[in-house]
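**Student:** Those protein sequences? They're chains E and X, same order as listed. The first sequence maps to residues 1 to 632 in UniProt numbering. The second sequence maps to residues 1 to 632 in UniProt numbering. All C-beta atoms in this analysis are idealised placements derived from N, C-alpha and C, irrespective of residue type, glycine included. Computed from a prediction, not measured in an experiment: that's the story for all the values here.
2 protein chains.
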Amino acid sequence: MHTSIATVCLSGSLEEKMEAAAEAGFAGVEIFEPDLVASELTPEEVRARAERLGLALDLYQPFRDFEGVSEELLEDNLRRAEARFRIMARLGIGTVLVCSNVSTATEDSDEVSAAQLRRLGELASAHGVRVAFEALAWGRFVDDYRRAWRIVELADHPAVGTCLDSFHILSRGHDPAGIEDIPAEKIFFVQLADAPALSLDVLSWSRHHRLFPGEGDFDLVTFLGHVVRSGYAGPISLEVFNDIFRQTASGATAAQAHRTLVALADRTAREQAGAEALPTVPAAGHPVGVDFVEVRAENTTDVEEVLDQLGLSFRGQHRSKPVRLWSAGGARIILNEQHARGERPHVAGMGLLYPDVDAAEARVSTLGVPRVTRRIQAGEHRLPAFVSPQGVELFLAAGESDATGRPGWIDEFEHGVPQDEGAEAGEAGVYAVDHLNLMSPWETYDETVHFCTGVLGLQKGTSTEVASLHGLVRSRVLRTPDGAVRVPLNVLPAAGDQHTEHVALACDDVLAVARRAQRRGMRPLPVPRNYYDDLEARFGLTDTFLRSLRAHQVMYDRDADGEFLHFYTRRVGGVFFELVQRLGDYDGYGAADAPIRLAAQARLDAEPSQLSGSARPPRRRGRSVPRQLPEW
Amino acid sequence: MHTSIATVCLSGSLEEKMEAAAEAGFAGVEIFEPDLVASELTPEEVRARAERLGLALDLYQPFRDFEGVSEELLEDNLRRAEARFRIMARLGIGTVLVCSNVSTATEDSDEVSAAQLRRLGELASAHGVRVAFEALAWGRFVDDYRRAWRIVELADHPAVGTCLDSFHILSRGHDPAGIEDIPAEKIFFVQLADAPALSLDVLSWSRHHRLFPGEGDFDLVTFLGHVVRSGYAGPISLEVFNDIFRQTASGATAAQAHRTLVALADRTAREQAGAEALPTVPAAGHPVGVDFVEVRAENTTDVEEVLDQLGLSFRGQHRSKPVRLWSAGGARIILNEQHARGERPHVAGMGLLYPDVDAAEARVSTLGVPRVTRRIQAGEHRLPAFVSPQGVELFLAAGESDATGRPGWIDEFEHGVPQDEGAEAGEAGVYAVDHLNLMSPWETYDETVHFCTGVLGLQKGTSTEVASLHGLVRSRVLRTPDGAVRVPLNVLPAAGDQHTEHVALACDDVLAVARRAQRRGMRPLPVPRNYYDDLEARFGLTDTFLRSLRAHQVMYDRDADGEFLHFYTRRVGGVFFELVQRLGDYDGYGAADAPIRLAAQARLDAEPSQLSGSARPPRRRGRSVPRQLPEW
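1. Chain X partners of E:S39, CB-CB under 7 Å?
2. With X:E180 and X:R146 assumed to form a contact (beta carbons below 8 Å), what rounded beta-carbon distance in angstroms separates them?
3. Name the chain E residues that come within less than 9 Å of X:Q541, Cβ to Cβ?
4. I want to see whether chain E comes within less than 9 Å of X:T3, judged by CB atoms only; does it?
5. Please decide whether E:T42 counts as near chain X, where near means a Cβ-Cβ distance under 9 Å.
6. In the DSSP output, what is E:K186 paired with across the bridge?
7. Which runs of the beta strand (DSSP E) spanning at least 3 residues fall entirely within the region 551-585 of chain X, listed in chain order?
8. As an exercise, report each continuous alpha helix (DSSP H) stretch of at least 4 residues that is fully enclosed by the region 216-250 of chain X, in chain order.
9. Hey, how far is the Cα of E:E271 from the Cα of E:T280?
10. Under 9 Å, Cβ to Cβ, is there at least one residue of chain X near E:E536?
11. Give me the Cα-Cα distance between E:L310 and E:G368, rounded to the nearest whole angstrom.
12. Can you check whether the C-beta of E:E51 is within less than 9 Å of a C-beta belonging to chain X?
13. Report the rounded CA-to-CA distance for X:P176 versus E:G216, giving the unit in angstroms.
14. Tell me, please, whether the CB atom of X:P196 is closer than 9 Å to any CB atom in chain E?
15. Using a beta-carbon distance cut-off of less than 8 Å, what residues from the region 57-89 of chain E approach chain X?
16. Counting only Cβ-Cβ distances shorter than 8 Å, please list the residues of the region 4-19 of chain E near chain X, keeping chain order.
17. Please tell me whether X:R140 and X:N77 are closer than 9 Å, where the distance is taken between their beta carbons.
18. Identify the continuous beta strand (DSSP E) that holds X:D434 and give its terminal residues.
19. Mind listing the chain E neighbours of X:R550? Cutoff is C-beta to C-beta under 8 Å, in chain order.
20. I want to verify the contact list: residues of chain E whose CB lies under 7 Å from the CB of X:P595, in sequence order.
21. What does the Cβ neighbour count give for E:T7, buried or exposed, with the cut at 16 atoms within 10 Å?
22. Mapping DSSP to helix, strand and coil, what is X:K17?
23. At a CB-CB cut-off below 7 Å, which residues of chain E make contact with X:D533?
24. Starting from the Cα of X:A126, find the closest Cα among X:D156, X:A81, X:A560 and give me that residue.
25. Just how far apart, CA to CA, sit E:V575 and E:P524?
26. Taking Cβ to Cβ, would you say E:A21 is nearer than 9 Å to E:G12?
27. For E:G540, count the other beta carbons within 10 Å of its own beta carbon; 16 or more makes it buried, fewer makes it exposed. Which is it?
28. From the DSSP output, which residues share a beta bridge with X:C99?
29. Going along the chain, which unbroken runs of the beta strand (DSSP E) with 3 or more residues stay wholly within the region 470-542 of chain E?
30. Quick one: any contact between the region 347-356 of chain X and the region 282-299 of chain X, if contact means 3 or more CB pairs under 8 Å?
31. Whose CA, out of X:L136, X:M88, X:S103, X:W149, lies closest to the CA of X:E111?
32. Helix, strand or coil: which one does DSSP assign to X:Y445?
33. Straight-line CA distance for E:I376 to E:H435?
34. Closest by CA to X:A284, which one among X:A273, X:R296, X:R267, X:L278?
35. Along the chain, where does the beta strand (DSSP E) that runs through X:M350 open and close?
36. Check whether the region 55-73 of chain E and the region 90-98 of chain E are in contact - that is, three or more C-beta pairs closer than 8 Å.
Quick look at the structure:
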């Protein structure tokens, strides 16, 4: 597969874009004309630079508003085209993209467009180039790839073929199966772009919201299957523009682009009949459980205090590093003070269990995810580690499930309560990591989603928006079908809310865990009384049950599948814990409670500094003497 | 007019929202239920707080998914509603907003919905409250305000009326004239929101893109005219949520909201028959010219050098301040070194000429725009000054036009070339400020647009998007009909490009200005050769003309109305100058050239630090010896 990428996908100058594409592993690029026009490099210099980088110049694009015009305009369009052909000759590019006319077309006629494209083909031939005609989704008359192909067929000139762009085809809901009806030699170019499902006008949708393959909602596997079965063997190129990539370093974007294209080819080869020739990468299935969550800080004592209150047990100190392990059942939390000077507690890593860890490592590595070096001593376990796009380190371990297995690395921890003891923890019934709530800046959000799905094998779950005091927080759950691994991923708002992530622990009796934790001095995140009045209004709960929830600041949700009880600890630096209990087949996360939680956290944040005294009721207590809630 | 605002419009806690609304001058608020639920204040405390602030609690909202349901669901909905009525009694709120059902409705029947609303009205009466039924634009069956009114009419209960929301009516394209057919006593509430013209699904459009009146594209003047003529005299409330306000300080948002509502009432009173009773503010028409542009810096010497090269003359030093004046014809640039320690050159202010400057000052002041204090001595002119939302200071002066008048304040500048001299400037033909290109962070963009239009009297011109190396830059021109004042306003991109603004000077012969400026040592912003190759391809210009443009780095545009020639100076700190010449009726700004300009600026920015040597051709010259272009 000859991989290519349009320079419009990347930020920076033309030479920076070409360097980035080559570095990421692309075989070629499409030259976006405005990038050339704004460049200081002459066409000859661009050509020489590409040769030095080993990069093919696959396409010159776009040439606009050519066909379907009056005879007078056609003459001017041919003149415009010839000037471009001369520039292409200097660049050494053999194919030009001609988009269907969006503004100056006056003739809604296949015959007229075909005749005019034939004229263009004759001119192109004379300059040794080929014309790839593409239907734009918002073309004035030609907005369907099947019509573009009919016109190309009618034009009947060897230098005139068609270009297929997944965005223009799938955004209109056109069936891509017709691609297989086009002779391969008449498909001159193929461009891929994904996009989220939006009902927006196609022009804005295209201009601002295209995504790389697998990051959006288009079925590009089926699309690419049709392309391969048509016999087309030319460049498979990415043409993706959105408001994010243009603001992101070109190197990172190019690496992400290449990874998504390789992952798409892999999936297509596996799932589409006749597409077996596409290159593949090792398969790893999906993770079967969470091995551990790592919290890092210069000093993790405050986190230990919370874990102790929640009923987890200290399992030992690592034999060679300042790293400590706490656990209850299959919920394992690693506290890492190594190389963490000045860092407040935060989620730094996550271990995932794969049945075939070698395959998983090979897959992640082949897809170009950067590795983390973990120093180990003789006799210590080697856990392959990588960095996710949003910065959390990912460790891969062999295992069948989190709750039953006893990871080999556990023996590296010494002087703690033996793994099979911890009766109290057993009582409390904390038994697993239910989910790990991560945040991503908006710039890396879609890339992180692809990392979790296309690389790690998780699936996309529900997507929601949660109201915080400072904006709507976009959230999407990435998970395994059975829920053994669940990662709700939130967009970090541009301003206001803090970068806070949290670990949710599953237990059998959340009220019992809360009761015992409070006996041990834990102060849960306070929940306003109005919340419980509202719970009553929404669900009509019994007074006894409501009182019990309120006494322990436990929140409640219910849907058609079951019920959900949960409470939050206060924040320790940039991390906090949630204890959850699922009843019936409840499969959500209490999304309605998230705004209450965010407001309560904001109140606690505002407390110490008394930011706007006049806007708040008078407070007499400072930071060290926290407000007491009447409930306990 | 009883002004109100929904708490969902503002950020922060409920008490912060209420404080901000009262401070901004609103008479009341709508309590958004989730704001109450997340609040620590009990309903009784909220009520007491509102009383202390002198704020009416006008509406409790929203109650969802009530009508059109099965009998069984109705019972549960009545139970849910009664719980809310009890909370409303504690708050002392008399009206609840009931939205048309978007999810659980199964009965598409006016009669069923009316009968169920009557049941609700009976229950509401018993609790002393009223029900305002509103058609949501995405209601399952009821999505038209006229149908909501039919149902209210059928329900025929004194406690059941309707709520009108401009967004739900205008986003569906429904004619608001029917509002006048509704008896005033059955309109229980009116909500206003503006929005940009987007073809997006109405739910996303509503949730993310509502704007305050006058900031978007809805005709709210006509809408409010219908409301007033219906006889309605209750609260006029703003219900506006978008991604920006939620992230902005509540005080600033509330002030902006109040200003837009007052400006809307003013315009409606003036333009709509029968709406004369609405409150007005002084009228000022629109500005007739640019008095001056002020550039501020600790040291403005580099700017003086550029102005000298461009043919402007030094007109004197201010008699009491470190401020200097340069001009040519009606183009006046004030260079201000007062209180500018550490500041690099930037556009700090702008003077606008109004025929009735007292009226203009009264208008700006009445609309609550913050003033700037200018210290003056005896005998010096008093120029009223205000701060625009994006930070530029605005000075108001009396005058008929920029080019012919001789402002009174000019006599405060001494020891310069007399105003009527400056032959060379006359030769060069620089005669006016053509436009002032300002930037705004995205958070204040819509507010700045409203400031320029609703407050200053400019009009909205075309809106475009310009590709920079680091993102699409949204741009909209604000101007007078005759073009005497033109302010293209760009969104400051989130990352990458610098905050740079520029002053465009109009001249009669841009090639002559460029030629003379280069003789005096000016180095214009370099334009790549490829740009001129592309010009040839696009416009088929003659070789002689192209060579002449290229020799002076002058750029070119043409449209159906005329031609445009212009060149840019290099950046001096955060400001640069553009020289423009308009031929025929060309009314644009050479938008196609902006990406070339941005790329050239980015190259110059990258030069001194040699950021990525490997990605660029080797350069042997450092910062102090700039690269020479072969053209000059």
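**Tutor:** Here's the rundown:
1. P528, N530
2. The Cβ separation is near 12 Å, so there is no contact.
3. One detail in the question is off: residue 541 of chain X reads as Leu in this sequence, not Gln. Within 9 Å Cβ-Cβ: nothing; X:L541 doesn't reach chain E, min ~11 Å.
4. no
5. yes
6. BP columns for E:K186 are empty, so no partner.
7. 555-559, 562-568, 575-584
8. 220-229
9. 11 Å
10. yes
11. 39 Å
12. no
13. 39 Å
14. no
15. D76, R79, R80, A83, R84, I87
16. S11, G12, S13, E15, E16, E19
17. no
18. 430-441
19. In chain order: nothing, as chain E lies at least about 14 Å away.
20. P34, A38
21. buried
22. helix
23. I87
24. X:A81
25. 14 Å
26. no
27. exposed
28. X:E134
29. 471-479, 486-492, 501-507
30. yes
31. X:W149
32. helix
33. 28 Å
34. X:R267
35. 346-354
36. yes
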